[in-house]
Amino acid sequence: MTGTSYFTGAHFPLGPFVPYEHNPVLKPLGGSWESSNLYNPAALVVDDTVVILYRAHAEDIISHIGIATSEDGFHFERESEPVLSPTEDYERYGCEDPRITAIDGVYYLTYTGWDRKNARLCLATSTDLRHWTKHGPLFNDFDTFAMTGTPHHGEWSKAGVILPYQINGKWRMYFGEGSIYWAVSDDLIHWTPGTPDTEPLYRSTPGSFDADLVEIGAPPVMTDNGLLLFLMNGATRTRRPDGGWDVDYRCGQFVIDPDNPDEVLARMQRSWLQPQTFEDFNGLIPNVTFVEGLVQFHGRWFAYYGQSDTTLAVAVCDPAVGWGSNVDTTNKER
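Read left to right, the sequence shown gives residues 1 to 334 (UniProt numbering).
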């Protein structure tokens, strides 16, 4: 079994992406561990098959991670049992939001361990995608919301993508919800943030689709001119009278020069994917398109995303089809 999560030949900005007309490609399955909501998939290609690892849960909203495969990128067969479930105290209320990177025959899965107080970025490894060794939370006393208007004042470090090769002799990860940060490792297991939580790599942009928070999306792909291209998620939020939030989640992109990996070089000013269908507008958390998986498959790019934290969808980019108009990008100086 040979898997890859690293793809080349992209252009920035990557697109346009067109949502599949028969979305969602996976829905909750009644009477099972995934009976209520199914969303937020990691993706890779294994032996000419698309494999996704996705978050799902029943009415208890305790998330597990399931697996499904597809020969065409659209029609998936799921396995009956989850491949990763809560077993530890730090994740007792859920294993959430996976991202995956394949390196030298080993799969590195980052996910969020949730205990209903702290959201901690965790790591698990596998050689077959079904049996996983957990390595626990990666960071202590880190709050990726520290530089937003709503700091958690606790441990909050969800969302992480690992690069499949070293930069300057170190393995590298980009992580964070609220703001985005970077970390390094000598062994792919133990990670050290590159900065304190008061010094993010990428913050939200006032007046933009990501005005209130940003979150890393899928592991990066390489552009033809040698840049790392990341899909990301951004949101605007409005506080409700009951203290909750109304949100609007959309998907953007940014690029980093590997020769200067501690800075964002440029970003899309507008989202390339936003809520536009019934499933995008209605669900557990309405008004959400949330990307976590990107693969190059049979000559096209497939971006896998969650719809309102309830169903799973795909949008496809044909490299032969251009945007048709100028796309706004800007250098990111922050």
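Even for Gly, the Cβ is constructed at its ideal location relative to N, Cα and C.
As the structure is a computational prediction, the values presented were derived from the model and not from experiment.
query = Beta carbon of Q269, beta carbon of S208: below 8 Å?
reply = Cβ atoms of Q269 and S208: closer than 8 Å.
task = Identify, in the order they occur along the chain, each residue of the same chain with its Cβ nearer than 8 Å to the Cβ of residue 335, setting aside the five sequence neighbours on each side.
result = No statement about residue 335 is possible, as the shown extent of the chain runs from 1 to 334 and does not include it.
task = Could you say which of G66, P86, S70 and T87 lies nearest to S80 if we only look at CA atoms?
result = When each option's Cα is compared against that of S80, the closest is G66.
query = Would you report the Cα separation of D186 and K170, rounded to the nearest angstrom?
reply = Just so you know, the alpha carbons of D186 and K170 end up roughly 6 Å apart.
DSSP beta-bridge partners of A102 = Per DSSP, Y107.
inquiry  = Quick check: L123 and T110, are their CB atoms within less than 8 Å of each other?
reply    = Cβ atoms of L123 and T110: closer than 8 Å.
query = Out of curiosity, what's the CA-to-CA distance linking R239 and D141?
reply = The C-alpha of D141 is placed about 26 Å away from the C-alpha of R239.
ask   = Taking the DSSP output, what are the residues bridged to F254?
value = Per DSSP, F230 and R267.
message = Out of G15, P82, T148 and S5, which one is the CA nearest neighbour of S35?
response = Selected option, being the one with the closest Cα: P82.
Rounded separation between A315 and Y20 - CA only = Whole-angstrom Cα-Cα distance: 5 Å.
request  = Throw me the rounded Cβ distance for the K158 and A119 pair, which I believe falls under 8 Å.
outcome  = With 8 Å as the limit, K158 and A119 qualify as a contact, their Cβ atoms being about 4 Å apart.
ask   = Should R120 be listed as close to the ligand MG, given that the test is whether its C-beta is under 7 Å from any heavy atom?
value = The model depicted lacks the ligand MG and carries no ligand whatsoever.
request  = Pull up the distance between the alpha-carbon of T4 and that of P241, whole angstroms please.
outcome  = Within the model, the alpha-carbon separation for T4 versus P241 is close to 46 Å.
query = Fully enclosed by the stretch 262-311, which alpha helix (DSSP H) runs are 4 residues long or longer?
reply = If we require 4 residues or more, the alpha helix (DSSP H) runs fully inside the stretch 262-311 come out as 278-281.
key: Selected residue, minimal CA-CA separation from T223, among G160, G194, E88 and V255   = Here the closest residue by C-alpha is V255.
query = Can you list the beta strand (DSSP E) stretches of 3 or more residues lying completely in the stretch 87-175, in chain order?
reply = Complete beta strand (DSSP E) runs here, min 3: 95-103, 106-114, 119-126, 133-137, 160-162 and 171-175.
key: Terminal residues of the beta strand (DSSP E) in which F76 lies   = If you look at F76, you'll find it in the beta strand (DSSP E) that goes F76 to R78.
request  = Let me know the secondary structure DSSP gives H57 once reduced to three states.
outcome  = In the structure shown, H57 sits in a strand (DSSP, three-state: E or B).
query = DSSP state of I52, grouped into three classes?
reply = The answer is strand: DSSP assigns I52 an E or B state.
inquiry  = Is it buried or exposed, V50, if we count other Cβ atoms within 10 angstroms and call 16 or more buried?
reply    = By the neighbour-count rule (16 or more Cβ atoms within 10 Å), V50 is buried.
task = Can you have a look at H22 and say buried or exposed, based on whether 16 or more other CB atoms are within 10 angstroms of its CB?
result = The C-beta of H22 has fewer than 16 other C-beta atoms within 10 Å across all chains shown, which makes the residue exposed.
Coarse secondary structure for W182, derived from DSSP in three states = Strand, per DSSP.
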